[in-house]
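See structure below.
4 protein chains.
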Amino acid sequence: MANGPALTLDQIGSHNAERIDALAEDYAALDRQLARRGVDIAQVKSAVATFSVAVPSWGAGRGGTRFAKFPIPGEPTNIHEKLEDCGLIQQLGQVTPRVSPHFPWDKVSDYAALREEAANLGLGFDAVNSNTFQDQPGQAHSYRSGSLSSTDADVRAQAIDHNIECIEIGRQLGSRALTVWVGDGTNFPGQQHLGRSLDRYLDAAAQVYAALPGDWRMLLEHKLFEPAFYSTVISDWGSSMMAAQELGPKAMCLIDLGHHAPNVNIEQIVARLHKAGKLGGFHFNDSKYGDDDLDAGAINPHQLFLIFNELVEAALEPRTGFDPAYMIDQSHNVTDPIESMLCSAEAIVGSFAKALLVDREALRAAQESNDAIIAFRALRRAYDTDVAPIVALARAEAGGAIDPLALYRTLGWRERKAQERNTVGLGAGIV
Amino acid sequence: MANGPALTLDQIGSHNAERIDALAEDYAALDRQLARRGVDIAQVKSAVATFSVAVPSWGAGRGGTRFAKFPIPGEPTNIHEKLEDCGLIQQLGQVTPRVSPHFPWDKVSDYAALREEAANLGLGFDAVNSNTFQDQPGQAHSYRSGSLSSTDADVRAQAIDHNIECIEIGRQLGSRALTVWVGDGTNFPGQQHLGRSLDRYLDAAAQVYAALPGDWRMLLEHKLFEPAFYSTVISDWGSSMMAAQELGPKAMCLIDLGHHAPNVNIEQIVARLHKAGKLGGFHFNDSKYGDDDLDAGAINPHQLFLIFNELVEAALEPRTGFDPAYMIDQSHNVTDPIESMLCSAEAIVGSFAKALLVDREALRAAQESNDAIIAFRALRRAYDTDVAPIVALARAEAGGAIDPLALYRTLGWRERKAQERNTVGLGAGIV
Amino acid sequence: MANGPALTLDQIGSHNAERIDALAEDYAALDRQLARRGVDIAQVKSAVATFSVAVPSWGAGRGGTRFAKFPIPGEPTNIHEKLEDCGLIQQLGQVTPRVSPHFPWDKVSDYAALREEAANLGLGFDAVNSNTFQDQPGQAHSYRSGSLSSTDADVRAQAIDHNIECIEIGRQLGSRALTVWVGDGTNFPGQQHLGRSLDRYLDAAAQVYAALPGDWRMLLEHKLFEPAFYSTVISDWGSSMMAAQELGPKAMCLIDLGHHAPNVNIEQIVARLHKAGKLGGFHFNDSKYGDDDLDAGAINPHQLFLIFNELVEAALEPRTGFDPAYMIDQSHNVTDPIESMLCSAEAIVGSFAKALLVDREALRAAQESNDAIIAFRALRRAYDTDVAPIVALARAEAGGAIDPLALYRTLGWRERKAQERNTVGLGAGIV
Amino acid sequence: MANGPALTLDQIGSHNAERIDALAEDYAALDRQLARRGVDIAQVKSAVATFSVAVPSWGAGRGGTRFAKFPIPGEPTNIHEKLEDCGLIQQLGQVTPRVSPHFPWDKVSDYAALREEAANLGLGFDAVNSNTFQDQPGQAHSYRSGSLSSTDADVRAQAIDHNIECIEIGRQLGSRALTVWVGDGTNFPGQQHLGRSLDRYLDAAAQVYAALPGDWRMLLEHKLFEPAFYSTVISDWGSSMMAAQELGPKAMCLIDLGHHAPNVNIEQIVARLHKAGKLGGFHFNDSKYGDDDLDAGAINPHQLFLIFNELVEAALEPRTGFDPAYMIDQSHNVTDPIESMLCSAEAIVGSFAKALLVDREALRAAQESNDAIIAFRALRRAYDTDVAPIVALARAEAGGAIDPLALYRTLGWRERKAQERNTVGLGAGIV
């Protein structure tokens with residue numbers, strides 16, 4: 001179990017050696033173009049090098065829908081194997097140094113050992129995620145009618161205890177945040193009293209909040225629908241903000257990109273929550289229809305850029321503090337999860353890089369003079385820029401691979417792991 | 001101009017005389033059924049008799065789209081004629097005793113006279129509406145780039161002054177609320193800074209707020225899109241609540257049923273704003289796609305019922321005060337506005353009547369025991385009930401017509417008015 | 001296993017005896033009202049008595065989401081137990097005399113015996129459903145990359161064979177239709193060639209079509225998204241119609257109410273497919289967000305009515321034949337499936353009854369003269385009518401219970417079945 | 001009226017001289033990168049040079065919403081001035097050599113002279129657009145209740161005659177297509193018979209079709225909603241395809257990017273219509289909510305790329321002919337229309353250029369082997385490429401400006417035109 005890094009420095013080194021000249025040429029050309037545009041490429045690369053995003057432990061396995069899951073040979077079957085895969089992702093991509101665990105899925109007997117195991121793989125732990133949306137074998141009370149908002153005090157107590165246990169585990173793992181997403185809601189008009197459901201949620205959440213260490217945050221994740229299909233207790237950013245305000249300063253709102261109504265302007269929600277001092281973090285993914293949990297940027301890369309544009313703006317104007325947590329949250333139903341997380345992380349950091357290229361002075365001037373087309377083009381010029389050389393060079397300089405996917409494909413990783421790991425059975429659902 | 005009621009008591013009396021027996025028979029049958037269900041029909045009818053909803057002065061004319069408007073002969077061309085039509089609606093339907101005016105559209109030189117003119121028609125004035133979404137001839141500054149949120153201080157000052165003028169007019173008219181809807185927003189990413197736009201809006205709105213009389217309310221109306229198509233400053237209930245909280249206790253949120261993203265659960269927004277003490281009122285209408293401004297209940301009558309179900313719940317549990325303002329806000333593009341407003345008002349009061357029929361004790365018990373199907377059916381049994389006899393009898397007892405539409409059709413109103421009134425020209429748009 | 005009816009005639013008789021007087025009173029009152037409106041209630045009741053809708057075998061068990069499923073004690077675990085529950089539903093409600101089976105879920109060794117077993121319970125079999133959206137243990141080829149549209153000829157052959165096997169089973173069961181829904185599609189732009197995917201689907205579907213008996217129909221079910229989240233091969237009614245036209249006259253389109261983009265006018269799709277001679281049938285359910293599979297009419301009963309209004313219109317004007325198949329397709333995640341199916345069937349037949357009440361002569365006249373408000377009110381007057389007495393009396397006259405849900409609740413059915421049946425384990429997904 | 005080109009060659013030449021070195025440097029760098037990727041940049045540039053898209057005459061003026069229109073000084077007030085502006089756009093951008101006129105808006109007495117006037121400005125005429133969605137002063141019959149689908153035979157005849165007149169004008173202008181978009185539909189359930197409305201539309205459209213010259217196409221433009229808000233006669237691509245099939249081979253479907261339900265996969269519709277041999281053309285624009293008519297690519301540039309990816313695929317596999325008409329159709333509410341059309345045309349041709357960069361062999365191989373991530377990245381690598389150097393050099397080589405917007409801004413065009421042209425008054429609506 002005392003695994004170290006999956007790749008040798010030699011493997012990465014020889015991969016990069018074959019590609020560094022072409023990369024350098026592209027980078028130099030971009031440098032010249034950006035210099036003409038008044039942008040210092042080295043500064044952008046430095047900023048990119050500081051960026052990181054957490055990966056979800058559950059994202060290391062194949063995901064599924066309610067209809068089916070199609071496992072792949074060699075996918076991880078426990079937290080140890082998931083860490084192993086996440087360690088490889090971090091070695092290759094150098095932008096995902098933390099793993100966000102989910103309990104009870106990732107339960108072990110010795111969390112200090114798990115922390116050390118992760119550290120040996122170059123990984124730390126990000127926000128811990130509680131799970132009160134499904135029942136576990138032997139559980140005293142069922143979440144069939146809700147958890148933190150249940151009408152049953154015993155159910156609520158169980159959900160509170162579970163969240164507090166997650167905090168305790170998180171302390172041992174070195175985490176500093178608890179992400180709370182509940183599936184609580186209804187499938188029929190009238191099924192629950194909409195006001196009292198929120199009251200109960202808030203009462204219960206306050207008990208979890210009270211158990212937070214001083215330097216922790218409680219990240220509230222809203223979602224419009226699924227698994228509840230008529231109403232959801234924390235359905236939108238307004239409800240989330242109400243809850244975070246009532247709970248206290250350590251409670252912040254987490255934005256999952258797939259949890260909104262159709263057509264909603266998510267980047268404006270970023271700005272709103274920032275103004276309210278409640279912008280806690282993100283679950284990155286992409287979607288076309290609902291909570292599709294597709295790879296970040298796969299469907300609407302422009303939206304991802306616009307979100308990072310708001311984040312760069314927020315960092316420039318940190319009204320009420322600005323320190324959002326970045327996590328990936330995707331369901332890899334048709335790809336190798338390692339490949340999807342490598343590509344998603346690259347799309348995310350690339351969007352950040354593009355946002356850094358915006359000529360903010362020109363943008364501000366155009367906004368002040370209501371010159372819509374010039375303001376728009378200040379963003380568009382940055383978005384249209386191919387930042388791949390910046391991202392790849394920053395990665396290589398950090399010790400990662402210039403082309404992570406290509407290197408991964410040479411490793412025979414899944415074939416080897418298929419020998420070592422248990423087989424995942426047929427079934428449906430996310431895990 | 002000193003018009004009195006359009007109809008004589010005789011006209012209504014003879015109309016009702018022909019229908020009262022059938023109505024009484026239906027009412028008696030419903031009485032027996034409701035008695036079996038433990039509901040006192042007389043109490044319901046009494047509650048229904050207290051209900052009222054305001055009509056919009058602008059709704060008295062034909063509305064249009066950006067493509068076209070198709071005027072009808074005899075439609076009103078000024079506030080006096082609009083009041084005349086609204087007076088007839090109130091005489092026939094007895095549920096719309098107040099008119100909500102819009103300025104500068106309804107400007108006159110003598111508001112005391114206008115108030116008296118309305119009173120002679122049996123009408124009072126509801127919330128005054130300001131207009132900073134279009135330019136008026138001779139206006140000093142254009143709203144082309146926004147109003148309360150404009151980057152231009154002169155534009156903001158003009159918008160503030162106009163709102164304060166509306167308050168002053170409203171005082172003279174006996175109104176007690178100012179409804180503020182701005183079209184401010186953008187059509188391009190980057191066009192404006194999303195955070196600073198809201199800052200400017202709030203600064204300007206605070207100056208309007210400061211001018212509010214002590215017993216007035218300022219109703220903030222949010223809208224997802226149109227006329228702005230990328231971002232809107234007050235786009236959703238979350239933004240509206242933020243603004244209302246920052247402005248102060250007299251600032252409340254107004255819900256227009258057509259101003260939301262697709263699929264959103266509007267009745268839950270009602271519950272959320274009630275919890276926050278910010279449920280200020282409604283603009284009733286219906287929609288299938290966007291802000292279609294169709295007749296209330298025409299597309300989704302069940303949603304209208306569920307909203308009234310929340311309102312009845314809220315009245316039972318008035319956490320933070322409960323006194324929402326009810327207004328119709330529709331665009332009558334293909335009907336005679338008088339007919340649409342008669343039918344819409346009936347749909348609205350009928351939804352209220354249905355909500356009163358819900359067996360709240362059974363509902364509460366089912367909710368507490370998580371008996372979803374019984375809870376749902378408590379609502380559904382009420383919704384399925386044909387409340388027409390209750391609504392019609394309450395109306396008749398208040399002096400209105402048993403079948404307002406049928407009586408209206410006998411009057412030759414439009415034909416007569418087409419002789420008296422100016423012709424509305426071709427064009428496009430809402431007015 | 002040779003079960004007969006679950007209820008004795010006495011049980012139903014004594015239940016009805018307690019309720020018949022009240023029902024008769026309500027029915028008589030409605031009779032008088034309808035007579036005034038020129039409607040013969042007896043004719044409506046007769047038409048209602050001829051209406052039936054199939055129930056899905058899979059709907060007899062608790063459904064779930066990708067996050068979780070919460071089983072209930074006593075739910076059925078195989079087709080025999082499902083038939084038992086469906087038999088009870090039919091005894092109580094008398095509107096669901098057929099069961100739609102799903103293979104391989106409902107596979108047995110002796111279909112003749114199964115057919116007899118069903119007949120003993122008062123049941124026949126409706127359309128057979130094939131399943132190529134999930135893998136079965138021991139299956140030669142995986143559907144992970146599609147089925148009828150797969151790039152792999154072996155996979156397509158396996159899917160074709162399975163469908164043909166379903167037809168064969170259906171013949172033995174007395175079915176006359178095959179419903180084909182495939183989850184085929186993609187999660188990434190570029191994942192498949194959009195045109196060639198449809199070509200392959202059509203080639204494969206043609207081979208299934210060729211195996212159809214002469215009096216069978218092949219019902220093609222489209223769906224916008226889920227399980228595929230970027231593109232779906234048969235995503236909308238246009239694609240479905242293209243496919244049905246290419247396959248031949250026995251291929252028809254099936255409309256599931258939850259399989260459309262937001263805001264879409266489903267009743268117009270009914271009219272369009274009827275015009276094209278391709279209106280094959282319905283999967284009834286309701287939804288607010290996506291394919292929520294909620295109980296029919298629970299969210300938008302008005303839409304259900306408008307669909308039946310089109311069906312009544314279509315029956316009056318059977319351009320190209322009119323014989324749609326009616327089925328329920330719901331996921332009962334929070335209710336007892338028996339209760340949900342009883343209530344859903346009632347909502348469906350009630351919508352049909354309301355559509356029968358429309359004054360079609362007045363409607364047609366108003367349409368011809370472009371009198372929108374009168375045309376609308378012709379529908380609305382029918383919709384507002386409480387048809388419960390008609391539906392309940394028709395049911396009682398057919399041998400069912402006046403209040404099926406109330407009678408069911410007295411039976412202790414689940415408690416008894418929990419003793420007899422195996423326990424369903426925790427998990428996620430639809431089955 | 002005998003205007004020639006607005007710019008001298010010197011003006012463009014000196015503008016380009018200042019920029020050509022930087023452009024050449026960027027182009028050379030991209031050339032080297034693409035060569036490494038196996039792409040011949042010169043071939044791409046040649047293909048780009050052949051691309052063109054028509055501009056709408058109405059797009060040359062400021063657009064508006066139903067709430068307001070905010071005119072700008074110097075905007076064109078008639079077809080002559082519109083042509084003048086479109087000529088300038090073409091001179092600067094060299095990608096919009098044709099203008100699509102709209103009647104009766106663009107009516108003149110001498111179409112031969114108009115054609116010559118356009119030719120002098122370097123312009124030809126694209127599809128003619130009929131207008132039966134608004135009434136004109138003095139018109140015999142109103143379109144208030146529809147046009148081609150009206151219940152009134154006189155109205156239909158008038159609409160047919162108008163369309164035939166448009167064809168006749170188009171012949172004189174050298175056009176080869178008639179675009180038919182009707183606003184026909186309803187705002188209330190029941191307002192019209194959904195089936196018969198389409199029947200009437202088809203009967204009337206067939207009479208227009210019969211008047212088409214042999215080498216013309218009739219482009220049917222569907223739209224989900226607006227100006228009708230409950231149902232629209234030609235609401236979606238399925239209805240459009242039905243109509244085009246019934247009318248005949250010269251009838252084709254036109255896709256406006258903003259006329260679809262939320263979330264719909266438009267690029268798949270492109271593939272479907274191509275398969276059906278009915279892909280007639282496009283109205284390019286962008287939208288976030290409804291038919292927002294924003295600048296092409298401003299909101300979702302990735303979608304625009306995916307559409308062009310389908311078009312490149314279709315051109316490679318021209319099953320049933322492939323010759324779509326490309327037009328811009330936007331409403332420039334907040335920008336100078338000349339600037340918006342310059343930028344939109346650039347976004348459109350840039351999307352085409354990106355689609356040409358896709359490694360189709362790698363894509364096809366990945367599709368065949370169900371390697372989703374590699375297939376996706378084949379598209380993404382092309383999309384991420386900054387094609388500005390290719391587009392700009394192609395433009396410069398064709399005689400256009402390297403930076404059209406920058407050059408336009410030096411011209412003082414609007415200030416000059418404000419002296420020459422009449423002032424547009426306040427109002428609302430699209431024109």
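Chains as they are written, first to last, in full-length UniProt numbering: chain A, 1 to 431; chain B, 1 to 431; chain C, 1 to 431; chain D, 1 to 431. The C-beta atom is built at its ideal place from N, Cα and C for all residues, glycine as well.
Cβ atoms of A378/D and L363/D come within 8 Å of each other, at about 4 Å. Listed by position along chain B, the residues whose Cβ is nearer than 9 Å to that of I266/C form an empty set, because the closest Cβ is around 11 Å away. Counting along the chain, no beta strand (DSSP E) covers R395/A; the unbroken alpha helix (DSSP H) around it starts and ends at 388-397. Our two residues, K82/C and G258/C, have alpha carbons roughly 24 Å apart in a direct line. Put simply, the backbone Cα of L219/A is about 6 Å away from that of L178/A. Interface annotation, A29/A: in contact with chain D, CB-CB separation under 9 Å. F125/C places its beta carbon less than 9 Å from that of R115/C. Taking CB atoms only, H332/B has no neighbour in chain A less than 9 Å away. Residues of the region 140-151 of chain A with a Cβ closer than 7 Å to any Cβ of chain B, in chain order: S145, T151. Interface criterion met: the Cβ of N263/C is under 9 Å from a Cβ in chain D. Taking the Cα positions, A157/B is about 10 Å away from S150/B. Chain D has no Cβ within less than 9 Å of the Cβ of L357/C.
Near chain D, meaning a CB-to-CB distance below 9 Å, no residue of the region 38-57 of chain C qualifies.
P318/D counts as exposed, since fewer than 16 other C-beta atoms from the protein chains shown sit within 10 angstroms of its C-beta.
Inclusion of L357/C and R381/C in the CB contact set at 9 Å is warranted, their separation being smaller than that value. Membership of Y27/C in any beta strand (DSSP E) is not indicated; the residue belongs instead to the alpha helix (DSSP H) covering 9-36. Beta bridge pairing from DSSP links Y326/C with F282/C.
In the three-state scheme derived from DSSP, where H, G and I count as helix and E and B as strand, N120/D is classed as helix. Here DSSP, grouped into helix, strand and coil, assigns R66/B to coil. With its beta carbon less than 9 Å from one in chain B, S369/A belongs to the interface. Inclusion of D329/B and D295/B in the CB contact set at 9 Å is not warranted, their separation being larger than that value.
About 5 Å separates the beta carbon of L254/A from that of G280/A, a gap short enough to meet the 8 Å contact definition. Counting along the chain, L88/B sits inside the alpha helix (DSSP H) bounded by residues 79-93. Any Cβ of chain B closer than 9 Å to the Cβ of E221/D would place that residue at the interface, and such an atom is absent. In this structure, R272/A is the residue among N16/A, D386/A, R272/A, H222/A with its C-alpha nearest to the C-alpha of L311/A. When rounded, the separation of the alpha-carbon atoms in T50/D and N16/A is 40 Å.
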